[in-house]
Amino acid sequence: MTSQVSQPTQRAEKLTFPVPIRWSDQDANGHVNNARILTLVEEGRIQAGYRWWGANPDESSPRVVRAMSVDYRNAVHYGPETTIDVWISRIGTTSYTVSQELFQQGRSCVSAEVVIVILDRDTRQPMTLPESVRETLHANLFSDQTPQN
Numbered sequence: 001m002t003s004q005v006s007q008p009t010q011r012a013e014k015l016t017f018p019v020p021i022r023w024s025d026q027d028a029n030g031h032v033n034n035a036r037i038l039t040l041v042e043e044g045r046i047q048a049g050y051r052w053w054g055a056n057p058d059e060s061s062p063r064v065v066r067a068m069s070v071d072y073r074n075a076v077h078y079g080p081e082t083t084i085d086v087w088i089s090r091i092g093t094t095s096y097t098v099s100q101e102l103f104q105q106g107r108s109c110v111s112a113e114v115v116i117v118i119l120d121r122d123t124r125q126p127m128t129l130p131e132s133v134r135e136t137l138h139a140n141l142f143s144d145q146t147p148q149n
């Protein structure tokens with residue numbers, strides 16, 4: 001079975017959300033702990049999910065993280081304004097990729113790519129993305145390249 005990867009037909013926007021950092025998120029090195037960064041990235045995906053889907057996913061077919069890649073570029077500190085950009089970067093047959101970039105004072109600090117699958121309720125295995133999900137993903141598929149029709 002070959003994977004079908006969709007290309008954007010229109011230019012969707014990246015979503016940007018503020019990221020609250022707590023004093024307790026810091027570690028002994030004086031920057032936000034790397035494990036806490038993963039939670040901040042997760043919070044960005046949750047906020048984007050509410051924007052894309054309007055609610056939590058249906059419990060009968062849960063969305064789960066299949067893979068995650070994180071690039072720590074610069075330290076994140078308590079205090080300065082912090083935001084996260086979130087966008088759909090790839091749509092496959094059974095998965096989609098959410099890309100994210102965390103900024104502090106306009107400087108890129110962390111980037112992440114998260115592959116998400118929807119599990120079949122009975123088999124608990126990845127299932128083909130339902131058409132309703134695929135439509136929402138297509139409407140939010142972002143590419144830095146000019147769309148080709």
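Number 60 in the numbering used here belongs to position 60 of the sequence shown; there are no gaps in the numbering. All residues carry an ideal CB built from backbone N, CA and C; glycine is no exception.
(1) If we call anything under 8 Å between Cβ atoms a contact, is I84 one with F142?
(2) Going residue by residue through the segment 46 to 79, where are the continuous beta strand (DSSP E) segments of at least 3 residues, counting only ones entirely within it?
(3) On the premise that R63 lies in contact with I118, defined as a C-beta separation below 8 Å, what is that separation, rounded to the nearest angstrom?
(4) Assign G30 to buried or exposed, taking buried as 16 or more other Cβ atoms, counted over all protein chains shown, within 10 Å of its Cβ.
(5) Exposed or buried, which one is T97 when buried takes at least 16 other CB atoms within 10 Å?
(6) Is I37 helix, strand or coil by DSSP?
(7) Taking Cβ to Cβ, would you say I91 is nearer than 8 Å to R134?
(8) Within its chain, find whatever has a CB closer than 8 Å to the CB of W23; leave out the 5 residues flanking it on each side and keep chain order.
(9) Quick check: what's the CA-CA separation for S111 versus D122?
(10) Inspect the beta-carbon positions of V86 and A139 and report whether they are closer than 8 Å.
(11) Just verifying my parser: in three-state terms, what is the DSSP assignment at R134?
(12) Please report the straight-line C-alpha distance between E131 and S95, rounded to a whole angstrom.
So, from the data block:
(1) One-based indexing of the sequence shown puts residue 84 at position 84. One-based indexing of the sequence shown puts residue 142 at position 142. With contacts defined by Cβ atoms closer than 8 Å, I84 and F142 do not form a contacting pair.
(2) Entirely contained in the segment 46 to 79, the beta strand (DSSP E) runs reaching 3 residues are, in chain order, 63 to 72.
(3) The residue you call residue 118 lines up with position 118 of the sequence shown. The residue you call residue 63 lines up with position 63 of the sequence shown. Yes, I118 and R63 are in contact; Cβ-Cβ is about 5 Å, under 8 Å.
(4) As a first step, residue 30 must be located in the sequence shown, where it is residue number 30. Looking at its Cβ environment, which holds fewer than 16 other Cβ atoms inside 10 Å, G30 is exposed.
(5) Reading the sequence shown from its first residue, position 97 is the one you call residue 97. By the Cβ-count criterion, T97 is buried, with 16 or more other Cβ atoms from all chains shown falling within 10 Å of its own Cβ.
(6) The residue labelled residue 37 in the question sits at position 37 within the sequence shown. Of the three classes helix, strand and coil, the one that applies to I37 here is helix, per DSSP.
(7) Start at 1 with the first residue of the sequence shown, and residue 91 comes out as number 91. Start at 1 with the first residue of the sequence shown, and residue 134 comes out as number 134. The beta carbons of I91 and R134 sit closer together than 8 Å.
(8) The sequence position of residue 23 within the sequence shown is 23, counting from 1. Closer than 8 Å at the Cβ level, and outside the excluded window around W23, lie Y78.
(9) Numbered from 1 along the sequence shown, position 111 holds the residue referred to as residue 111. Numbered from 1 along the sequence shown, position 122 holds the residue referred to as residue 122. Taking the straight line from one Cα to the other gives about 34 Å.
(10) As a first step, residue 86 must be located in the sequence shown, where it is residue number 86. As a first step, residue 139 must be located in the sequence shown, where it is residue number 139. The answer is no: Cβ separation not under 8 Å.
(11) Locating residue 134 in the sequence shown gives position 134, where the first residue counts as 1. For R134, the secondary structure class from DSSP, reduced to helix, strand or coil, is helix.
(12) For the purposes of this step, residue 131 is taken as the residue at position 131 of the sequence shown. For the purposes of this step, residue 95 is taken as the residue at position 95 of the sequence shown. Answer to the nearest angstrom: the Cα atoms are 13 Å apart.
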